[in-house]
Amino acid sequence: MNSKIILLKYGEVVMKGLNRSYFDNLIIKRVRYLLKTVDGEFSLDYAQSTLCIRGDENADMDTAFEKMKTVFGIASVCLGFECEKSMEAVCRTVSEHMDTLIGGAKTFKCVGKRSDKRFPLNSPQICAEVGDIILEAKPYLKVDVNDPEVSVYIEIRDKYACVHGGGEKGACGMPAGSAGHGLLLLSGGIDSPVAGYLAAKRGLAIDAVYFESPPYTGEAAKQKVVDLATKLSELCGRIYLHTVSVTEIQEVLMEKCDERMFTLLLRRFMVRLAERTARSVGAEVLITGESLGQVASQTLQSIAVTNAAAKMPFFRPCITMDKDDIVVQSRKIGTFDISILPYEDCCTVFVPKHPNIRPELDKILEEEAKIPVDDLVDRAFETKTVIKIG
Ligand code: ATP
Ligand code: MG
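Position one of the sequence shown corresponds to residue 15 (my numbering), numbered consecutively onward.
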């Protein structure tokens, strides 16, 4: 057996009532799936709002620990050392792993958590004993209970005891797939992958759709979106990426419609095609990376005109976020470096010089009356392909 142990502390799901097991099962399913990609055999044991992961002697506990930080529904993740439930074993474990627990710190404190009240020492007594062992081994250390450089946690639980250096923040949110199924409009930009991540973090299973415009947009632009979806799927689970060509739609718009309304007319086509794609896979909400006021097509009026093209609800997780904050989030989830690769997007191929920032739905409908909207949607939908990712 491996003496390392991983503790996953559950977040918001602990507030659930009778349907709690539904959420717990989804967390466990995701944990099991991720552990299959890590060397070694693992076993899971759930008690007291904490999932404990043990590995065999070949288990790569450090990699498993990193992966567990991506599981939605988990508030914190600890990598610790398990031992028998006796003070002697606790002290021996602290001594054995002293360097890992203390590192180069000059100050420390001990935190005792005794949830098994049958254990003969209470938390302050446990801390006092462990503190003595640490000070004996490293006499230069100082105890600082208010602002220590490191904390040594001793947890005495019902079924086991363990020692660790404190948890790292988990992915939080709600378990993958617990909130239903959404379709992400995924462009190659910075915002939409972040929107997809945030929606998945609240429990949505995600499919994605990418609108391309060959030959105006190329293979490299599409590969970039595949790479973004791949990155997202590492965090959010399997993604089916649908691609739809809007080339004919763009050419007809160019030929027949007022250039100032071009972007919004195209967006309304995207939304119609997204809604149809969503229905075909059982998704119930459209997710976009729009942020209020970021560009002309993201003013309140433009968004209202866009919404009017679909019956399905929209989630726009980035709507109130500043670009800087979206960038911070995209770096965190590892999509930023892919997003900034300089490939064209179909929205950027034909951009009006003076886009209308206060569009009126009546005027848009007048433009749409000049073209065969339904036929164009039908023909574009026929170009749909799907790639399974993750
Ligand atoms: P992003 O950084 O996500 O590309 P953006 O700031 O470039 O967003 P727009 O180009 O106006 O903004 O797009 C707004 C939203 O519309 C995107 O976040 C995305 O959800 C969707 N979208 C735009 N272009 C495409 C596309 N080619 N395929 C799929 N969805 C798209
Ligand atoms: Mg874009």
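Beta carbons are placed, not taken as given, at the ideal position from N, Cα and C, and that holds for glycine.
For the beta strand (DSSP E) assignment, the uninterrupted runs of no fewer than 3 residues enclosed by the stretch 67-97 are, from N- to C-terminal side, 88-97. Approximately 19 Å separates the beta-carbon atoms of S311 and P207; this is outside 8 Å, ruling out the contact. Counting the other Cβ atoms within 10 Å of the Cβ of D205 gives 16 or more, which makes it buried. By the C-beta criterion, the stretch 229-236 is judged not to be in contact with the stretch 374-391, since fewer than 3 inter-stretch pairs fall below 8 Å.
Listed in chain order, the non-local C-beta contacts of R252 below 6 Å within the same chain comprise G404, local neighbours out to five positions each way being set aside.
Look at the stretch 262-347 and you find these whole runs of beta strand (DSSP E), each 3 residues long or longer: 299-301.
Distance from the Cα of S63 is smallest, within the candidate group L21, G203, G94 and V85, for L21. If you look at V177, you'll find it in the beta strand (DSSP E) that goes A175 to H178. CA-to-CA, the gap between E289 and F350 works out to about 27 Å.
By the criterion of at least three beta-carbon pairs nearer than 8 Å, the stretch 183-202 is not in contact with the stretch 148-164.
Taking C-beta atoms as the reference points, I340 and L199 fail to come closer than 8 Å. When DSSP reads this structure, F225 sits in a beta bridge with V258. As the crow flies, the alpha-carbon of T84 is around 46 Å from that of D272. Rounded to the nearest whole angstrom, the C-alpha separation of I140 and F56 is 30 Å. Going by beta carbons, S90 and K23 fall inside the 8 Å limit. Taken through DSSP and simplified to helix, strand or coil, S137 comes out as helix. For secondary structure counted as the beta strand (DSSP E) over 3 or more consecutive residues, the stretch 109-162 holds these complete runs in sequence order: 121-128.
DSSP lists C124 as the beta-bridge partner residues of V166.
Taking one beta carbon from each stretch, the stretch 171-178 and the stretch 210-218 have fewer than 3 pairs nearer than 8 Å; the two do not touch. Between D74 and D53, the gap from beta carbon to beta carbon is short of 8 Å.
One Cα belongs to F37, the other to T257, and the distance between them is close to 32 Å. The beta carbon of D338 sits no closer than 7 Å to any heavy atom of the ligand ATP. Distance between S305 and C66, taken at the CA atoms: about 40 Å. Among the bridge pairs identified by DSSP, E182 is matched with V91.
Here the distance from the Cβ of Q312 to the nearest heavy atom of the ligand ATP is below 7 Å. Checking the 7 Å criterion, the Cβ of V125 is out of range of every heavy atom belonging to the ligand ATP. Rounded to whole angstroms, P327 and C124 show a C-alpha spacing of 50 Å. Proximity of the beta carbon of L267 to the ligand ATP is not indicated: no heavy atom of the ligand is located closer than 7 Å. Rounded to whole angstroms, M101 and G184 show a C-alpha spacing of 30 Å. Proximity to R106 across I168, I371 and I347 peaks at I168, based on C-alpha coordinates. Judged by beta-carbon spacing, L32 lies beyond the 8 Å limit of I42, meaning their Cβ atoms are not closer than that value. For V400, the uninterrupted beta strand (DSSP E) run begins and ends at T399 to I403, by DSSP.
P366 has its alpha-carbon roughly 15 Å from the corresponding atom of S316.
In the DSSP assignment, G196 falls within the unbroken beta strand (DSSP E) covering G194 to L199.
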